[in-house]
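Each residue of the sequence shown is one higher than the last, beginning at 9 in the numbering used here. By construction, the Cβ of each residue, glycine as well, lies at the ideal position given by its N, Cα and C atoms.
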Amino acid sequence: MTILSVGTRPADTAVPHGLRVGVLALQGDFREHAHVLRELGASVELVRRPEELDRIDGLVIPGGESSVMDKLARTFGLAEPLRAAITAGLPVYGTCAGLIMLADTILDGMNGQQSLGGLDIAVRRNAFGSQTASFETDLEIPALGEKPVHAVFIRAPVVETVGAKATALATLDDGRCVAVEQGNLLGTSFHPEITGEYRFHQYFLQKLVAAAR
Ligand code: GLN
């Protein structure tokens, strides 16, 4: 298991004053995301109630357990307002369980598990099985620059189908897709928030700033 490593603040990130980035804080590693976003200069709002959605310009959905996150989102009355916000164009970045929450279709979901949807993809939960529950690898991701991304996968999903509206950003050596974007939505099977890798959050903040203009 990789230990949280704290990266240094990249010099070239500028988040205009007044923009607020929400982090869905129902369950999972929301604190790690909040840390990275604050290091990048963003104002962070932890989101647990529907009314808190009105105060944010974008949202990160963390890693954790998607079936639990789904249940809590419905229990707290967040699921429907979140769906509406995503449809209305709210920029959202989901990692691992967060990616599952953003997928239009979940494969191997728990009984009755629902997603918020938005990404035109089918995602398979726990796609690497119990033998390889967690692993690390380096990924070439041209959209983020030349330096490979060190990616940590923890009971991770894969994007089994990339629909016409979505674009694959990263694939494993065997061709399986592990990062996608679609308009204001971004999703990764892995966890940049725990490795000091800030480029995905920067990439997301660029979407957020552009959407707020
Ligand atoms: N396996 C988890 C799920 O189904 C995701 C794991 C993670 O977020 N690290 O939600």
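Please indicate yes or no: does the CB of residue i lie closer than 7 Å to some heavy atom of the ligand GLN?
i: Glu73; result: yes
i: Ala105; result: yes
i: Ile202; result: no
i: Ala33; result: no
i: Asn119; result: no
i: Ala164; result: yes
i: Gln149; result: Note on residue identity: the sequence assigns Ile, not Gln, to residue 149. Answer for Ile149: no, Cβ out of range of the ligand GLN.
i: Arg132; result: no
i: Ile108; result: yes
Would residue i be called buried (16 or more neighbouring beta carbons within 10 Å of its own) or exposed?
i: His41; result: buried
i: Glu88; result: exposed
i: Ser142; result: exposed
i: Glu201; result: buried
i: Gly97; result: exposed
i: His209; result: buried
i: Asn192; result: buried
i: Gly71; result: buried
i: Pro156; result: exposed
i: Phe84; result: exposed
i: Pro99; result: buried
i: Gly66; result: buried
i: Gly120; result: exposed
i: Arg63; result: exposed
i: Asp37; result: buried
i: Arg17; result: Any answer about Arg17 is weak, because its pLDDT of 49 lies below 50 and its placement is not dependable; what the coordinates show is given next. Arg17 is exposed by the Cβ-count criterion.
i: Asp182; result: exposed
i: Thr95; result: exposed
i: Glu205; result: buried
i: Ala151; result: exposed
i: Ala111; result: buried
i: Ala135; result: buried
i: Ala218; result: exposed
i: Ala105; result: buried
Taking a contact to mean a Cβ-Cβ separation below 8 Å, would you say residue i touches residue j in this structure?
i: Val31; j: Leu54; result: yes
i: Ser197; j: Phe161; result: yes
i: Thr175; j: Glu189; result: yes
i: Ile69; j: Gly102; result: yes
i: Leu107; j: Pro165; result: yes
i: Gly235; j: Arg91; result: A query on residue 235 cannot be resolved here, the shown segment of the chain reaching from 9 to 221 and no further.
i: Leu213; j: Ala50; result: yes
i: Leu86; j: Gln35; result: no
i: Ala159; j: Leu147; result: yes
i: Arg133; j: Ile114; result: yes
i: Leu180; j: Val186; result: yes
i: Met109; j: Ser74; result: yes
i: Leu27; j: Leu216; result: yes
Within 8 Å of any Cβ in chain C, is that where the Cβ of residue i sits?
i: Leu54; result: Here there is only one protein chain, and chain C is not present.
- prompt: Quick one: complete alpha helix (DSSP H) runs, 4+ long, within the segment 30-102?
  reply: Entirely contained in the segment 30-102, the alpha helix (DSSP H) runs reaching 4 residues are, in chain order, 38-47, 74-83 and 87-95.
- request: Pick out the complete beta strand (DSSP E) segments inside the segment 116-149, 3 residues or longer, and give them in chain order.
  value: DSSP runs (the beta strand (DSSP E)) wholly in the segment 116-149: 127-132 and 142-147.
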